[in-house]
Amino acid sequence: MEKHMAVCPYCGAGCKMNLVVENGLVIEAEGLDGVTNEGELCLKGLYGYDFINDTRILTPRIYHPMIRRQKGAPLERVSWDEALDFTASRLRAIIEESGPEAVMLTGSSRGAGNEANFVMQKFTRACLGTNNIDNCARTCHAASVIGLMECVGSGAMSVSIPVLERTDCILLIGYNPAASHPIVARRIVKAKERGADLIVCDPRVIESARIADLYLPLENGSNLALVNALAYTIIDEDLADWDFIDNCTEGFDAWWEVVQEYAPEDVADVTGLAPELIRHAARRYAKAPSAVVGWGMGVTQQAQGVQTVRAIAALALITGHIGRPNSGLAPVRGQNNVQGSCDMGMWPSLYPGYQRVDDPAVRAKFAAAWGVPEERLSLEEGWKLTDLPHGVAEGKIRAFYNFGEDPLQTEPDTAQMRKTLEGLDLLISQDIFMTQTTALADVVLPATSWGEHDAVYTASDRSFQLTTAALPPKGECRHDWEIFADLSTRMGYPVRYESTREIWDEVRSLCPQFAGATYEKMAGLGFAQWPIYAEAGDDPDNHGTPELYAGGAFTTPDVKGHLQAAHWRPPTEEPDERYPLVLCTVREVGHYSCRSMTGNCKALAALADEPGYVSMSPADAEARGIEEEELVQVTSRRGKIVARAAIDERINDGAVYMTYQWWVGKCNELTLHAVDGESGTPEDKYSACQVEAIADQRGAEERIAEAYAELKSRLAAEADCQNPPEPEALESTAGAADHPLATPSEVDAAGAVPAAIPSKGGAADSPSVILSEGGAAAVVEGSRAATANNSSDPANPASPPAAFAPHEAEVAGRALYADGEEETLV
Numbered sequence: 004m005e006k007h008m009a010v011c012p013y014c015g016a017g018c019k020m021n022l023v024v025e026n027g028l029v030i031e032a033e034g035l036d037g038v039t040n041e042g043e044l045c046l047k048g049l050y051g052y053d054f055i056n057d058t059r060i061l062t063p064r065i066y067h068p069m070i071r072r073q074k075g076a077p078l079e080r081v082s083w084d085e086a087l088d089f090t091a092s093r094l095r096a097i098i099e100e101s102g103p104e105a106v107m108l109t110g111s112s113r114g115a116g117n118e119a120n121f122v123m124q125k126f127t128r129a130c131l132g133t134n135n136i137d138n139c140a141r142t143c144h145a146a147s148v149i150g151l152m153e154c155v156g157s158g159a160m161s162v163s164i165p166v167l168e169r170t171d172c173i174l175l176i177g178y179n180p181a182a183s184h185p186i187v188a189r190r191i192v193k194a195k196e197r198g199a200d201l202i203v204c205d206p207r208v209i210e211s212a213r214i215a216d217l218y219l220p221l222e223n224g225s226n227l228a229l230v231n232a233l234a235y236t237i238i239d240e241d242l243a244d245w246d247f248i249d250n251c252t253e254g255f256d257a258w259w260e261v262v263q264e265y266a267p268e269d270v271a272d273v274t275g276l277a278p279e280l281i282r283h284a285a286r287r288y289a290k291a292p293s294a295v296v297g298w299g300m301g302v303t304q305q306a307q308g309v310q311t312v313r314a315i316a317a318l319a320l321i322t323g324h325i326g327r328p329n330s331g332l333a334p335v336r337g338q339n340n341v342q343g344s345c346d347m348g349m350w351p352s353l354y355p356g357y358q359r360v361d362d363p364a365v366r367a368k369f370a371a372a373w374g375v376p377e378e379r380l381s382l383e384e385g386w387k388l389t390d391l392p393h394g395v396a397e398g399k400i401r402a403f404y405n406f407g408e409d410p411l412q413t414e415p416d417t418a419q420m421r422k423t424l425e426g427l428d429l430l431i432s433q434d435i436f437m438t439q440t441t442a443l444a445d446v447v448l449p450a451t452s453w454g455e456h457d458a459v460y461t462a463s464d465r466s467f468q469l470t471t472a473a474l475p476p477k478g479e480c481r482h483d484w485e486i487f488a489d490l491s492t493r494m495g496y497p498v499r500y501e502s503t504r505e506i507w508d509e510v511r512s513l514c515p516q517f518a519g520a521t522y523e524k525m526a527g528l529g530f531a532q533w534p535i536y537a538e539a540g541d542d543p544d545n546h547g548t549p550e551l552y553a554g555g556a557f558t559t560p561d562v563k564g565h566l567q568a569a570h571w572r573p574p575t576e577e578p579d580e581r582y583p584l585v586l587c588t589v590r591e592v593g594h595y596s597c598r599s600m601t602g603n604c605k606a607l608a609a610l611a612d613e614p615g616y617v618s619m620s621p622a623d624a625e626a627r628g629i630e631e632e633e634l635v636q637v638t639s640r641r642g643k644i645v646a647r648a649a650i651d652e653r654i655n656d657g658a659v660y661m662t663y664q665w666w667v668g669k670c671n672e673l674t675l676h677a678v679d680g681e682s683g684t685p686e687d688k689y690s691a692c693q694v695e696a697i698a699d700q701r702g703a704e705e706r707i708a709e710a711y712a713e714l715k716s717r718l719a720a721e722a723d724c725q726n727p728p729e730p731e732a733l734e735s736t737a738g739a740a741d742h743p744l745a746t747p748s749e750v751d752a753a754g755a756v757p758a759a760i761p762s763k764g765g766a767a768d769s770p771s772v773i774l775s776e777g778g779a780a781a782v783v784e785g786s787r788a789a790t791a792n793n794s795s796d797p798a799n800p801a802s803p804p805a806a807f808a809p810h811e812a813e814v815a816g817r818a819l820y821a822d823g824e825e826e827t828l829v
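Residue numbers (my numbering): 4 to 829.
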């Protein structure tokens, strides 16, 4: 039995753990005394490790490179040389015809590490010659990055996660730590037990609201009006720190011109809050000796996300609750290395270390370091990830290199995204699992998983930590940075590294605020928190900067905090008679991102299954004749899906909430692709929808099971292309070539694909589960639902492939919770 030190691959809390390995498998995770978690782990940390063992509960690992020799052809296993030569040739042809701006790339924040992201952006800029590189922060905290860089100089948390336990007041806006960051939630609970004030602003009665001193149940979509009203009260009641405003900020007069119109009494209809409740919250926050404002995607995934972040920054600036001990701003990041992806320059306007691409001096520095002419590095900002749909539709983007993400699951308006990906001339997917996006790819490149490589991760609070490999690479999987370096070399720009340490040393040499983050400082349970300059490298007691802006010295060009304000406006798509409910996407504690990792963990997969839930208030459920756990149809202007009703008195009337990791009940079939005009972040927190009862519950249940089995079968079939085909299998699949995701059981005698499967090249307007008129479930003749009595027969060709773990695995997972252990995990 061996133990290997790692950093948790899920949220951005940066929890340290040991992976226990026996007989080549990870069998347990043990919490270590890391700077953030202090020996504790949450549900995902404790039980979210075994995806690395390729359990095949949800979807299989990819072990070998594959290509499609032409669009619509089946995937074919090839050697690494052929896969990379094919990729290089296709990319060169597109660049020769349309220029480097026709290629778009996205980095990975899900376990790949800083070194891999650094090498990918180097390949993008020095080899391809474009700044078209982005990462998943675009769809979550891009608004925080942009708003905070303008107002205070840095887009990251200004405080450390442990500070939350020591501050005197915590104000949470649009942030549910119990579901998103359970270890951070524990810090908040400890602060409350110590006597800190807790103020929670959220439409739902989230867990933090249950213990809050003040709970403000604002209306969905009214964040900016509320924050402006808090600021108004602070000025109106003379609660501001005028010395701090005078000495450390700029722009007060112009800011007040806007904010003076937001008296709590004047925005009561917008926020739905009693004016005195807003005033009471403002007094508590302003009068506290120290205070931290924390927010999540409830703030940033709105049409006015950037403007709301600026407004939140203004709260801290006018009260002096920043640049002082135990006070500051806390945009807590969702994925384990999304902060690191931004640190490494996976951003269309920034090099590593937040150095601007439009600065000629910065360009000259990177050109010299990378040995390329300055003109090779573009001064123009590149495409954003959310620009991909219209960029492809307009013919401006022809190739997309997808690194460790599943946009077909996680991006808004799935039908639009499917059409986008199918409209590309070249889709490259580098991943560890056969995801829905990877199943559409022209090139599939298998990479090592978390637990199979060494890397540096950055936690939400700017802390660099080392994670180490517990297992060797499987199959022909290669480290991500090796793949990028090899491809770059084949395309004419040689890149060679011997180790992640060599890459990290290059990062430190180019980024002054990371220079002191040596491997020695991060060894064991060590950490380094940027900014950490070179002189700190040899000082074992100097771990960097736990709190930014000491004494009110900001990192803006004039060293001042900038006050900026904007008027509130309604969300893009408001409810109406046809779609009277607000749909808001949220997170849950047991699953993560697109579910390819947590869905392949025995214990986590046992918590819930398809089609997922839509949470709604008792009044809204009663008005529609909907009972708890019933299947319901959810529709919007984009599409319709089926989900299971969760009737919860903590849900506000007029709104419903869904998590985005489910395949059959995919809420992104419904969401609106409208974005914040400044950040490009989608407005995932506000779309109009309707929820309706389904009369034929049994039929709907059967159709759900069928659709889920079909989707898993299709992905398994795509993954099986990496295995040498049997001659008999080749003959039996001859009719499926017209649909790249179709399996033999899904192709009828005429070669047609049933309507439940989106046709190749077409946007799927139909639901994942087909419903007939009146909401009754329709059954495809000859389908698994129509022959339910035979569905478990191994001889039945409609049965799911045996590659997936048997039901006993899920039963074993449920046994972990038989004694109510889950009650102690959040």
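Every residue gets a Cβ at the ideal spot worked out from N, C-alpha and C, and that includes glycine.
### Message
Taking 8 Å as the cut-off, does the stretch 59-70 touch the stretch 201-209 (at least 3 CB pairs, one atom from each stretch)?
### Response
As far as the Cβ criterion goes, the stretch 201-209 does not touch the stretch 59-70, which means the pair count is below three.
### Query
Hey, which unbroken runs of the beta strand (DSSP E) at 3 residues or more fall wholly within the stretch 452-509?
Listed in chain order, the beta strand (DSSP E) elements of length 3 or more contained wholly in the stretch 452-509 are 458-461 and 466-470.
### Task
Please work out which residues of its chain come closer than 7 Å, Cβ to Cβ, to P621, disregarding the five sequence neighbours upstream and downstream, and give them in chain order.
Excluding positions up to five away in sequence, the list reads I650 and E652.
### Query
How far does the alpha helix (DSSP H) with L318 in it reach, from first residue to last?
Under the DSSP assignment, L318 falls in the alpha helix (DSSP H) whose first and last residues are G308 to T322.
### Query
Any idea what DSSP makes of Y288, helix, strand or coil?
In the structure shown, Y288 adopts helical secondary structure according to DSSP, grouped into three states.
### Query
How would you label R190, buried or exposed, when you count the other beta carbons within 10 angstroms and need 16 or more for buried?
Label assigned to R190: buried.
### Task
Report the residue from S690, K399, E631 and T311 whose alpha carbon sits nearest the alpha carbon of E576.
Comparing Cα-Cα distances from E576 to each of S690, K399, E631 and T311, the minimum goes to S690.
### Query
In chain order, what residues of the same chain have a beta carbon less than 6 Å from the beta carbon of H7, not counting five sequence neighbours either side?
Counting only Cβ-Cβ distances below 6 Å, and skipping sequence neighbours, we find L22, T471 and A473.
### Query
When DSSP labels each residue in this structure, what does V375 get in the three-state scheme?
In the structure shown, V375 sits in coil (DSSP, three-state: anything other than H, G, I, E or B).
### Query
For V694 versus F126, is the C-beta distance shorter than 8 Å?
Contact flag unset, no.
### Message
On the criterion of 16 or more Cβ atoms from any shown chain inside 10 Å, does L584 qualify as buried, or is it exposed?
### Response
Buried is the call here.
### Query
Are the beta-carbon atoms belonging to R95 and L380 less than 8 Å from one another?
Against a cut-off of 8 Å, the Cβ pair of L380 and R95 comes out as no contact.
### Message
Give me, in chain order, the residues of the same chain whose beta-carbon lies closer than 6 Å to that of M420; leave out the 5 immediate sequence neighbours on both sides.
### Response
So the list reads P410, L411 and E414, once near-sequence residues are dropped.
### Task
Look up L353 in the DSSP assignment and give the residues it is bridged to.
DSSP lists W350 and R359 as partners of L353.
### Query
alpha helix (DSSP H) containing K47: first to last residue?
Start and end: L46 to Y50.
#### Entry: Exposure label - G198; buried when at least 16 CB within 10 Å
Counting every other CB atom within 10 Å of its CB across the protein chains shown gives G198 a total below 16, marking it as exposed.
### Task
Put M123 into one of helix, strand or coil per three-state DSSP.
Reduced to three states, the DSSP call for M123 is helix.
### Query
With C-beta atoms as the reference, is L219 less than 8 Å away from I173?
No, they are not a contact pair.
### Task
State the DSSP-derived secondary structure class of E253, mapped to helix, strand or coil.
Three-state result, E253: strand.
### Query
Taking buried to mean at least 16 other C-beta atoms within 10 Å of its own C-beta, is Q73 buried or exposed?
The residue is exposed, with fewer than 16 neighbouring Cβ atoms inside 10 Å.
### Task
Find the nearest neighbour of V659 within the set A317, W666, A646 and W665, judged by alpha-carbon distance.
From the listed residues A317, W666, A646 and W665, the smallest Cα separation to V659 is found for A646.
### Task
Just mark A159 as buried or exposed, buried being the case when its beta carbon has 16 or more other beta carbons within 10 Å.
With 16 or more Cβ atoms within 10 Å of its Cβ, A159 is classed as buried.
### Query
Which two residues bound the contiguous beta strand (DSSP E) that contains C154?
Where C154 is concerned, there is no enclosing beta strand (DSSP E), although the alpha helix (DSSP H) it sits in stretches over A145 to C154.
### Message
For a test of the three-state rule: what should DSSP assign to Y370, helix, strand or coil?
### Response
This sequence places Ala at residue 370; Tyr is not what is there. Secondary structure of A370 (DSSP, three-state): helix.
### Message
If you follow the beta strand (DSSP E) that P410 is in, where does it begin and where does it stop?
### Response
From DSSP, P410 is part of no beta strand (DSSP E) but of the alpha helix (DSSP H) over P410 to T413.
### Where the beta strand (DSSP E) containing Y616 begins and where it ends
Its beta strand (DSSP E) spans residues Y616 to M619.
### Query
If you draw a straight line from the alpha carbon of A520 to that of T503, how long is it in whole angstroms?
Whole-angstrom Cα-Cα distance: 14 Å.
### Message
Does the structure place the stretch 263-276 close enough to the stretch 128-142 that three or more beta carbon pairs sit under 8 Å?
### Response
They do not touch, by the three-pair rule.
### Query
When you compare only the Cα positions, how much space is there between L673 and D561?
Here the alpha carbons of D561 and L673 stand approximately 44 Å from one another.
### Query
With 16 other CB atoms within 10 Å as the buried threshold, where does H570 fall?
Residue burial annotation: H570 is exposed, with fewer than 16 other C-beta atoms found within 10 angstroms of its C-beta.
### Message
Please return the same chain residues whose Cβ sits closer than 7 Å to the Cβ of E613, not counting the five positions on each side in sequence.
### Response
Setting aside the 5 residues that flank it on each side, E613 is surrounded in the same chain by W665, W666, V667, G668, I707 and Y711, each with a C-beta closer than 7 Å to its C-beta; the list follows chain order.
### alpha helix (DSSP H) segments (min. 4 residues) lying fully within the stretch 131-211
Runs of the alpha helix (DSSP H) inside the stretch 131-211: 145-154, 180-183 and 185-197.
### Message
So, at 8 Å on beta carbons, what are the nonlocal neighbours of R313 in its own chain, with the 5 sequence-adjacent residues on each side left out?
### Response
Cβ neighbours of R313 beyond the five flanking positions: G150, E153, C154, Q567, A568 and A569.
### Query
Residues bridged to L28 by DSSP?
DSSP lists E25 as the bridge partner or partners of L28.
### Task
Throw me the rounded Cβ distance for the N340 and Y178 pair, which I believe falls under 8 Å.
About 20 Å separates the two Cβ atoms, so there is no contact after all.
### Query
How should N671 be labelled, buried or exposed, when 16 other C-beta atoms within 10 angstroms of its C-beta is the threshold for buried?
So N671 counts as buried.
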